[in-house]
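Colleague: Pasting a structure below so you can have a look.
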Amino acid sequence: MGNNFETYIQKLELIGFFAGYAIVYALVHFIKGEQRKKTSSFINCLPKLLPYAYALTGTLFLGMVLKNISIDLSLQNIVEQFQNPYLKIWGLLSVLFWIPALSKKPVYSLFHSLVFFFLLIKDFWMLITSSIDSEIIKNDMKVYTDSLLLNTANLACIAILWFVMSKIRESRKTSSD
Amino acid sequence: MKLFNNKTLLALLVLISGYGYIAGCTHENDILPAPATTTAVINRGSAILLPGNMVVGDTTQWKLDKAHSSVLWQTNYVGAAGLLTGRFNQFGMHNVTDAEMQNYVTTGQPLMDTSWAFYESDPAKTYFNGYVQINQSNTGEPARDGGCNISGLGTVPIVAGTQNLTVTNLAKIKTTKIELDPLSEDYIVTLNLTWQGKLAQPLTESLVGRLKYIKRATVNAGTASAYDVFGLQLTFQFDCRDYGITSTSISDNVQIECNMNFNNK
Chain W
216 MGNNFETYIQ KLELIGFFAG YAIVYALVHF IKGEQRKKTS SFINCLPKLL
266 PYAYALTGTL FLGMVLKNIS IDLSLQNIVE QFQNPYLKIW GLLSVLFWIP
316 ALSKKPVYSL FHSLVFFFLL IKDFWMLITS SIDSEIIKND MKVYTDSLLL
366 NTANLACIAI LWFVMSKIRE SRKTSSD
Chain L
2 MKLFNNKTLL ALLVLISGYG YIAGCTHEND ILPAPATTTA VINRGSAILL
52 PGNMVVGDTT QWKLDKAHSS VLWQTNYVGA AGLLTGRFNQ FGMHNVTDAE
102 MQNYVTTGQP LMDTSWAFYE SDPAKTYFNG YVQINQSNTG EPARDGGCNI
152 SGLGTVPIVA GTQNLTVTNL AKIKTTKIEL DPLSEDYIVT LNLTWQGKLA
202 QPLTESLVGR LKYIKRATVN AGTASAYDVF GLQLTFQFDC RDYGITSTSI
252 SDNVQIECNM NFNNK
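If you read the protein sequences in the order shown, they are chains W and L. Using my numbering, read the first sequence as starting at 216 and increasing by one per residue. Using my numbering, read the second sequence as starting at 2 and increasing by one per residue.
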């Protein structure tokens, strides 16, 4: 398979990091929409944390890319690490969601991740047109499941961090008063 | 996004993901169901099939249908190449005693084929005897059958109209023990093969073979000419060098297959 296999593996990596974010995003907004009626507080804060959770995913992805490059700093290895250069760079851009100005619009993070979700849809279409067999889809869905878990875990981490920081801030405010 | 849009987005993503999970489900990781049984399924009947005196028209007495039976042999040509095969044109199911070892001037069966009994579920009672006339080996090559085969097997040429059951031309088998095969519907047969070959005296060796019973069935069922048939197939092998056969054209190991068909006409 040669480079084709490497390209396929790197595509799976991208799906594994980013494709699951869209459904987490939609689920959080759906729950928030339901909770708004009950005027819940914590859940209502989750949507604004989503871009940061996505940025955390991007940071982990960046860490993986740097780790793979650091194994062999030759130009050839760097080129090999970017078999899907545009997609990979697009994935790395997700770290920009650490910037508050960009995070103010969570929907941008959704649009960003949908690019990777479309990779799945593309494979589904190829299955329908018999260009690939169901083994490819089986692989995709295994990685997609991992992506769901990763993005859920990242959101949970950010939420816990946000909760702890807000408590610290509150206590400081109280002590200064 | 508005709530409606979020619901739509969620539903869409769930539907697409659901399709992926269903399409990617190949069931390859499924654990195979346990086999219904780990032992062979053996269905033996209780047929008792006996020759009696081979009275024609007596449907309880079973007759060897020689015309539709055969005794076949095969061995590797020059010990390594493809199979050399042949059949014996003259054979029977009779326990040929010393007194009966002689020439019979007849073209039919010289002795009655009555030295056998078959009990489907009671092999201890089953037995059979059989014989072949060595010079009646037929490979389809007359020059060989009437030439080197005669000298190579230590026998004498065929005399037209005569059935030669003399000691030099007779190979016979006699069962000594028949058991049920625990792994199939077959039977494990221990038998004695007696043949002089190129030795000075006949040699008897104990061999083990396999007997297959082809179940009784009715021919022309529902008509006045209906009759029943069944079959016995015996396979075994022996080392022809034990019997003094030195021909390098054939391998040590000779395989024998006896296909005996019976009817009750």
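For every residue, glycine included, the Cβ atom is placed at its ideal position computed from N, Cα and C.
Quick check on this structure: which residue in L:Ile179, L:Gly93, L:Leu51, L:Leu166 has the alpha carbon closest to the alpha carbon of Val230 (chain L)?
Modeller: Walking along the second sequence from the start, residue 230 (chain L) turns up at place 229. Of the listed residues, the one whose Cα sits closest to Val230 (chain L) is L:Leu51.
Colleague: Taking the alpha carbon of Leu171 (chain L) as the point to measure from, which residue in L:Ile135, L:Lys67, L:Asn262 has its own alpha carbon closest?
Modeller: Residue mapping note: residue 171 (chain L) aligns to position 170 of the second sequence, counting from 1. For Leu171 (chain L), the nearest C-alpha among the options comes from L:Ile135.
Colleague: Could you pull out every residue in the same chain whose Cβ sits closer than 6 Å to the Cβ of Gly232 (chain L), ignoring the five residues on either side in sequence?
Modeller: Start at 1 with the first residue of the second sequence, and residue 232 (chain L) comes out as number 231. The residues are Ile215, Asn262.
Colleague: Going by DSSP in three states, Thr45 (chain L) sits in which element: helix, strand or coil?
Modeller: To locate residue 45 (chain L), count along the second sequence from 1; it is residue 44. A quick correction: the sequence has Arg, not Thr, at residue 45 (chain L). Coil.
Colleague: Please confirm if the region 12-20 of chain L is in contact with the region 82-93 of chain L, defined as three or more CB-CB distances below 8 Å between the two stretches.
Modeller: No: fewer than three Cβ pairs fall under 8 Å.
Colleague: Just curious, the alpha helix (DSSP H) that Trp305 (chain W) is in, first and last residue?
Modeller: As a first step, residue 305 (chain W) must be located in the first sequence, where it is residue number 90. Run containing Trp305 (chain W): 300-307, per the alpha helix (DSSP H) assignment.
Colleague: State the DSSP-derived secondary structure class of Cys26 (chain L), mapped to helix, strand or coil.
Modeller: On the second sequence, residue 26 (chain L) is found 25 positions in, with the first residue counted as 1. Of the three classes helix, strand and coil, the one that applies to Cys26 (chain L) here is coil, per DSSP.
Colleague: Decide if Lys64 (chain L) is buried, meaning its Cβ has at least 16 other Cβ atoms within 10 Å, or exposed.
Modeller: On the second sequence, residue 64 (chain L) is found 63 positions in, with the first residue counted as 1. Under this definition Lys64 (chain L) is a buried residue.
Colleague: What whole-angstrom Cβ distance do Ala241 (chain W) and Leu329 (chain W) have, given they're in contact under 8 Å?
Modeller: Sequence index remark: in the first sequence, residue 241 (chain W) carries index 26 (1-based). Sequence index remark: in the first sequence, residue 329 (chain W) carries index 114 (1-based). Wrong, their Cβ atoms sit about 11 Å apart, outside the cutoff.
Colleague: If you draw a straight line from the alpha carbon of Met216 (chain W) to that of Ile224 (chain W), how long is it in whole angstroms?
Modeller: In the first sequence, residue 216 (chain W) corresponds to position 1, counting from 1. In the first sequence, residue 224 (chain W) corresponds to position 9, counting from 1. Its pLDDT being 43, under 50, Met216 (chain W) is placed unreliably by the model, and the measurement read from it follows with that caveat. Their backbone Cα atoms lie some 11 Å apart in a straight line.
Colleague: Going by beta-carbon coordinates alone, are Asn193 (chain L) and Glu206 (chain L) separated by less than 8 Å?
Modeller: Against the second sequence, residue 193 (chain L) aligns to sequence position 192. Against the second sequence, residue 206 (chain L) aligns to sequence position 205. Taking 8 Å as the Cβ cut-off, Asn193 (chain L) and Glu206 (chain L) qualify as a contacting pair.
Colleague: Looking at C-alpha atoms only, which residue of W:Ser324, W:Asn299, W:Thr367, W:Lys357 is the closest neighbour of Glu221 (chain W)?
Modeller: Along the first sequence, one-based indexing puts residue 221 (chain W) at 6. Ranking the options by Cα distance to Glu221 (chain W), first place goes to W:Asn299.
Colleague: Note the first and the last residue of the continuous alpha helix (DSSP H) segment covering Phe339 (chain W).
Modeller: Numbered from its first residue, the first sequence carries residue 339 (chain W) at position 124. 321-343 is the span of the alpha helix (DSSP H), which, as asked, contains Phe339 (chain W).
Colleague: In this structure, does DSSP put Asn90 (chain L) in helix, strand or coil?
Modeller: Within the second sequence, residue 90 (chain L) is the residue found at index 89, counting from 1. Correct three-state label for Asn90 (chain L): coil.
Colleague: Using the C-alpha atoms, what's the distance from Thr247 (chain L) back to Val168 (chain L)?
Modeller: As a first step, residue 168 (chain L) is located in the second sequence; it is residue number 167 there, counting from the start. As a first step, residue 247 (chain L) is located in the second sequence; it is residue number 246 there, counting from the start. Straight-line Cα distance between these residues: approximately 19 Å.
Colleague: Helix, strand or coil for Val157 (chain L) per DSSP?
Modeller: Along the second sequence, one-based indexing puts residue 157 (chain L) at 156. In this structure, Val157 (chain L) counts as coil in the three-state DSSP scheme.
Colleague: What separation, rounded to the nearest whole angstrom, lies between the Cα atoms of His95 (chain L) and Leu184 (chain L)?
Modeller: Locating residue 95 (chain L) in the second sequence gives position 94, where the first residue counts as 1. Locating residue 184 (chain L) in the second sequence gives position 183, where the first residue counts as 1. If I take the Cα positions, the gap works out to 30 Å.
Colleague: Can you give me the Cβ contacts of Asn54 (chain L) inside the same chain, cut-off strictly under 8 Å, excluding the 5 residues immediately before and after it?
Modeller: Here residue 54 (chain L) refers to the residue found at position 53 of the second sequence. Answer for Asn54 (chain L): Gln62, Met113, Thr115, listed in chain order.
Colleague: Taking beta-carbon pairs under 9 Å, can you tell me which members of the region 349-362 of chain W lie near chain L?
Modeller: Flagged, chain order: Ser349, Glu350, Ile351, Ile352, Lys353, Asn354, Asp355, Met356, Lys357, Tyr359, Thr360.
Colleague: Find out if the Cβ-Cβ distance for the pair Phe92 (chain L), Gly155 (chain L) is shorter than 8 Å.
Modeller: Your numbering for residue 92 (chain L) matches position 91 in the second sequence. Your numbering for residue 155 (chain L) matches position 154 in the second sequence. No, they are not a contact pair.
Colleague: Taking just the CA atoms, how far does Ala24 (chain L) sit from Ala234 (chain W)?
Modeller: Residue mapping note: residue 234 (chain W) aligns to position 19 of the first sequence, counting from 1. Residue mapping note: residue 24 (chain L) aligns to position 23 of the second sequence, counting from 1. Taking the straight line joining both Cα atoms gives about 18 Å.
Colleague: Report the CB separation of Cys241 (chain L) from Ile257 (chain L) in whole angstroms; it is logged as a contact under 8 Å.
Modeller: Taking the first residue of the second sequence as position 1, residue 241 (chain L) is located at position 240. Taking the first residue of the second sequence as position 1, residue 257 (chain L) is located at position 256. At roughly 11 Å, the Cβ-Cβ gap does not stay under 8 Å, so Cys241 (chain L) and Ile257 (chain L) are not in contact.
Colleague: When the Cα of Phe89 (chain L) is compared with those of L:Ser152, L:Lys173, L:Ala227, L:Asp187, which residue comes out closest?
Modeller: The count along the second sequence starts at 1 and reaches residue 89 (chain L) at position 88. Residue L:Lys173 is the option with its Cα nearest to Phe89 (chain L).
Colleague: Taking DSSP as the reference, what is the three-state secondary structure of Ile375 (chain W)?
Modeller: For this step, residue 375 (chain W) is matched to residue 160 along the first sequence. Reduced to three states, the DSSP call for Ile375 (chain W) is helix.
Colleague: Taking Phe232 (chain W) as the query, report the chain L residues whose CB atoms sit under 7 Å from its CB, ordered along the chain.
Modeller: Translated into positions along the first sequence, residue 232 (chain W) becomes position 17. Per Cβ cutoff of 7 Å: no residues; Phe232 (chain W) is ~16 Å from chain L at best.
Colleague: According to DSSP, is Asn221 (chain L) helix, strand or coil?
Modeller: Within the second sequence, numbered from 1, the residue matching residue 221 (chain L) stands at position 220. If DSSP states are grouped into helix, strand and coil, Asn221 (chain L) belongs with coil.
Colleague: Closer than 9 Å by beta-carbon distance: list the chain L residues that pair up with Ile326 (chain W), in chain order.
Modeller: Sequence index remark: in the first sequence, residue 326 (chain W) carries index 111 (1-based). One detail in the question is off: residue 326 (chain W) reads as Phe in this sequence, not Ile. Here the premise fails: no neighbours, minimum Cβ distance about 11 Å.
Colleague: Just the Cα atoms here: how many angstroms apart are Pro124 (chain L) and Tyr188 (chain L)?
Modeller: Walking along the second sequence from the start, residue 124 (chain L) turns up at place 123. Walking along the second sequence from the start, residue 188 (chain L) turns up at place 187. Rounded to the nearest angstrom, the two C-alpha atoms are 8 Å apart.
Colleague: Check Lys216 (chain L) in the structure and name its three-state DSSP category.
Modeller: Your numbering for residue 216 (chain L) matches position 215 in the second sequence. In the structure shown, Lys216 (chain L) sits in a strand (DSSP, three-state: E or B).
Colleague: Between Leu317 (chain W) and Glu29 (chain L), what straight-line distance do the alpha-carbon atoms span, to the nearest angstrom?
Modeller: Looking up residue 317 (chain W) in the first sequence gives position 102. Looking up residue 29 (chain L) in the second sequence gives position 28. Their Cα atoms are separated by approximately 45 Å.
Colleague: Work out the CA separation of Asn369 (chain W) and Asp21 (chain L) for me, nearest whole Å.
Modeller: Translated into positions along the second sequence, residue 21 (chain L) becomes position 20. Translated into positions along the first sequence, residue 369 (chain W) becomes position 154. Sequence inspection shows Gly at residue 21 (chain L); the Asp mentioned does not correspond to that position. Gly21 (chain L) and Asn369 (chain W): Cα-Cα distance of roughly 24 Å.
Colleague: Cβ atoms of Asn260 (chain L) and Gln238 (chain L): under 8 Å apart, would you say?
Modeller: By 1-based counting over the second sequence, the position of residue 238 (chain L) is 237. By 1-based counting over the second sequence, the position of residue 260 (chain L) is 259. Not closer than 8 Å, so no.
Colleague: Taking only beta-carbon atoms, is Ile32 (chain L) less than 8 Å away from chain W?
Modeller: Residue numbering aside, residue 32 (chain L) sits at position 31 when the second sequence is read from its first letter. With 8 Å as the cut-off, Ile32 (chain L) does not count as an interface residue toward chain W.
Colleague: Go through its chain and collect everything with a Cβ distance to Arg211 (chain L)'s Cβ below 6 Å, but skip five positions before and after it.
Modeller: In the second sequence, counting from the first residue as 1, residue 211 (chain L) sits at position 210. Taken in chain order, the residues that qualify are Asp187, Thr236.
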